[in-house]
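Enquirer: Going letter by letter, the sequence shown gives residues 0 to 192 in numbering that gives the first Met the number 0. Every residue gets a Cβ at the ideal spot worked out from N, C-alpha and C, and that includes glycine. As the structure is a prediction and not an experimental result, all values here were calculated from the model. The following block contains the structure, expressed as structure tokens.
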Amino acid sequence: MSAVYIYRRSVSHGQQTIHERSLIHRVVSVALLHGSAYVQMTGEAKYMNDSPLLPNTLHAGFVLSTQPHARITNIAPTIMTIDDAIQYENYLDNEQCIRKGDPNRALSEAEYTLEETLLIGGQEHFYLETNYCMAMTIPSDNDDELTLYSATQDPSKIQELAPLAIGKDAKHIQCLIKRIDGGFGGKDSRAYV
Numbered sequence: 000m001s002a003v004y005i006y007r008r009s010v011s012h013g014q015q016t017i018h019e020r021s022l023i024h025r026v027v028s029v030a031l032l033h034g035s036a037y038v039q040m041t042g043e044a045k046y047m048n049d050s051p052l053l054p055n056t057l058h059a060g061f062v063l064s065t066q067p068h069a070r071i072t073n074i075a076p077t078i079m080t081i082d083d084a085i086q087y088e089n090y091l092d093n094e095q096c097i098r099k100g101d102p103n104r105a106l107s108e109a110e111y112t113l114e115e116t117l118l119i120g121g122q123e124h125f126y127l128e129t130n131y132c133m134a135m136t137i138p139s140d141n142d143d144e145l146t147l148y149s150a151t152q153d154p155s156k157i158q159e160l161a162p163l164a165i166g167k168d169a170k171h172i173q174c175l176i177k178r179i180d181g182g183f184g185g186k187d188s189r190a191y192v
């Protein structure tokens, strides 16, 4: 290259050869099994609550009441479906209606209308595996470490919040997870309790 002459360069070109992989290496447009699909489908998969209980295991459960020492005089019926709620007239108090325009007028002026009933029996965050957390102390030279075995999607959050409950530094707490049944966000925060 020179400051006196105009630099002329030919158009660059390149070539890349990609060898076609065999069918066992293809992943696009191919149905692939999850790594643990066989053990999950056959029921052989082990989850946190399948762990054997340690000797002298203590169990805890919250029993919350706005009226301690009160007597139970009535037990509300179990409501699992919208039909149950209608039967027992048990409705949400904070009903919200978002409406734009006048739907009744629009329906009456429409040339065609279709009336049908749609039932969607969805349930949000209802897993076969319970929310679970087991704590075990591990003696060490300077301080007892606490190992938490939990069915959570967020072990870092458990390690962050557990010290607030027990007064230890987070560095003395580890959270271990085998596998989680479900997920989808439902096991993000419930194991913190």
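Based on Cα-Cα distance, which residue from Ala150, Tyr148, Ser35, Thr112 lies nearest to Pro102?
Expert: As a working note, residue 102 is residue 103 in the sequence shown. That would be Thr112, whose Cα lies nearest to the Cα of Pro102.
Enquirer: Taking CB distances under 8 Å as the criterion, tell me whether Gly34 reaches chain C.
Expert: Protein chain content of the structure displayed is limited to a single chain, and chain C is not contained in it.
Enquirer: My parser needs the alpha helix (DSSP H) runs of 4 or more residues fully inside the region 99-123; what are they?
Expert: 102-108
Enquirer: Counting Cβ pairs, one atom from each stretch, are 3 or more of them under 8 Å apart for the region 148-158 and the region 168-175?
Expert: yes
Enquirer: Comparing alpha-carbon positions, which option in Leu32, Leu52, Gly42, Asp83 lies nearest Tyr131?
Expert: For the purposes of this step, residue 131 is taken as the residue at position 132 of the sequence shown. Checked all of Leu32, Leu52, Gly42, Asp83; the closest Cα to Tyr131 is Leu52.
Enquirer: At what residues does the alpha helix (DSSP H) containing Leu194 begin and finish?
Expert: Shown here, the chain extends from 0 to 192; a query on residue 194 therefore has no answer.
Enquirer: Helix, strand or coil: which one does DSSP assign to Ile17?
Expert: In the sequence shown, the residue the question calls residue 17 occupies position 18. Looking at Ile17 - three-state DSSP - the assignment turns out to be coil, as it is neither helix nor strand.
Enquirer: Which of the three DSSP states, helix, strand or coil, is assigned to Ala84?
Expert: Within the sequence shown, residue 84 is the residue found at index 85, counting from 1. Helix, per DSSP.
Enquirer: Using 8 Å for Cβ pairs, my map puts Met47 next to Tyr148. What's the rounded Cβ distance?
Expert: For the purposes of this step, residue 47 is taken as the residue at position 48 of the sequence shown. For the purposes of this step, residue 148 is taken as the residue at position 149 of the sequence shown. Indeed, because the Cβ distance is near 6 Å, the residues count as touching under 8 Å.
Enquirer: List the endpoints of the continuous beta strand (DSSP E) containing Met79.
Expert: Here residue 79 refers to the residue found at position 80 of the sequence shown. Premise fails: Met79 is in no beta strand (DSSP E) and is neither H nor E.
Enquirer: Please state whether DSSP places Tyr37 in a helix, a strand or coil.
Expert: As a working mapping, residue 37 is identified with position 38 in the sequence shown. In the three-state DSSP reduction, Tyr37 falls in the helix class (H, G or I).
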